[in-house]
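J.:
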């Protein structure tokens, strides 16, 4: 390695270590040790650690025919901030949170969505309702389920902040009825969900492998701060 490359690598490591130390002081704790799936549980045969990242992959020889999720066993948080890096090649995936665990490693609840296409990345999704807040929207939902939608950005312009087939940073902030999703430091969507029958307030966190065309999804640098 040249001196220039060594110096750049050393600087990157130093900056990353400083950022991690600052986050620890803020109350963030790591959810993943970077080596194995300790603290997580998923459907056998689908999840492993590759190059320091939680990884799932479907292929023509091994298609995914039904969603399954890798569940974090560190708690069922209500109000929190979750930060992570993700990389997706093909297909669709997401981060499930405030969710109810179902049989066969399935879930029901909120999802911070992302995909290889251009519709769902940055949207707040829920199986019962579909898109709760799409990219570029702030959605206020009243107790009876009525939506008031305000535009907070152009979906196509926001999409440009997402790096295809590369690492991106997702930030999920959930406080009471307010859920905000950011990718690479840019707010993608926000929901203030007061729906009495469908709003999610607490539950498991899970990482998704999705049915459809061949795909590979990876997650790393997962850390969470739970609010009192």
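Residue numbers (the numbering used here): 54 to 281. Positions of the beta carbon are idealized from the N, C-alpha and C atoms, including for glycine.
Could you tell me which residues DSSP puts in a beta bridge with residue 134?
T.: 226 and 278
J.: Kindly indicate the opening and closing residues of the alpha helix (DSSP H) around residue 212.
T.: 208–212
J.: Output needed for residue 67: all residues of its chain with C-beta closer than 8 angstroms, excluding positions within five of it in sequence on either side, in chain order.
T.: Here residue 67 scores only 48 on pLDDT, less than 50, and its place in the model should not be relied on; the value that follows carries that caveat. There are no such residues.
J.: For residue 150 and residue 225, which I take to be in contact (beta-carbon distance under 8 angstroms), what is that distance rounded to the nearest angstrom?
T.: 6 angstroms
J.: Pull up the DSSP beta-bridge partners for residue 83, would you.
T.: 276
J.: For the putative contact between residue 84 and residue 92, defined by C-beta atoms under 8 angstroms, what is the C-beta separation to the nearest angstrom?
T.: 7 angstroms
J.: Could you give the distance in angstroms between the alpha-carbon of residue 189 and the alpha-carbon of residue 163?
T.: 18 angstroms
J.: What does the alpha-carbon distance come out to for the pair residue 263 and residue 234?
T.: 20 angstroms
J.: Which residues share a DSSP beta bridge with residue 245?
T.: 193 and 231
J.: Count the C-beta pairs between the stretch 114–131 and the stretch 164–179 that are closer than 8 angstroms, then say yes if the count reaches three, no if not.
T.: no
J.: Taking the alpha-carbon positions, what's the residue 61 to residue 159 distance?
T.: Caution is warranted here: a pLDDT of 46 is assigned to residue 61, below 50, making its placement in the model unreliable, and the coordinate value is therefore given only provisionally. Cα to Cα, residue 61 sits roughly 43 angstroms from residue 159.
J.: If you check the beta carbons only, do residue 278 and residue 79 fall under 8 angstroms apart?
T.: A contact, by the Cβ cut-off of 8 angstroms.
J.: Does residue 114 come out as helix, strand or coil in the three-state DSSP assignment?
T.: coil
J.: I'd like the span of the beta strand (DSSP E) that includes residue 153, first residue to last.
T.: 145–155
J.: For residue 268, collect the residues of the same chain with a Cβ closer than 6 angstroms to its Cβ; drop the 5 residues on either side in sequence, then sort them by chain order.
T.: 111, 143 and 144
J.: State the Cα-Cα distance for the pair residue 69 and residue 218, rounded to the nearest angstrom.
T.: At residue 69, the pLDDT of 48 sits below 50, so the modelled position is not reliable; the number obtained from the coordinates is stated separately. Cα to Cα, residue 69 sits roughly 22 angstroms from residue 218.
J.: From the DSSP output, which residues share a beta bridge with residue 17?
T.: The structure shown does not extend to residue 17, since the chain is modelled only from 54 through 281, so no value can be given for it.
J.: Would you please state the rounded distance, in angstroms, between the beta carbons of residue 271 and residue 108? I believe it to be under 8 angstroms.
T.: 5 angstroms
J.: Pull the bridge partners of residue 180 from the DSSP assignment, please.
T.: BP columns for residue 180 are empty, so no partner.
J.: Who are the Cβ neighbours of residue 87 in its own chain at under 6 angstroms, not counting the five residues just before and after it?
T.: 105
J.: Helix, strand or coil, according to DSSP, for residue 77 in the structure here?
T.: helix
J.: Just list the residues that DSSP pairs residue 240 with in beta bridges.
T.: 235
J.: What residue range is occupied by the uninterrupted beta strand (DSSP E) comprising residue 162?
T.: 159–168
J.: Excluding the 5 residues preceding and the 5 following residue 90 in the sequence, name in chain order all residues of the same chain whose CB lies nearer than 8 angstroms to its CB.
T.: Excluding positions up to five away in sequence, the list reads 100, 101, 102, 107 and 123.
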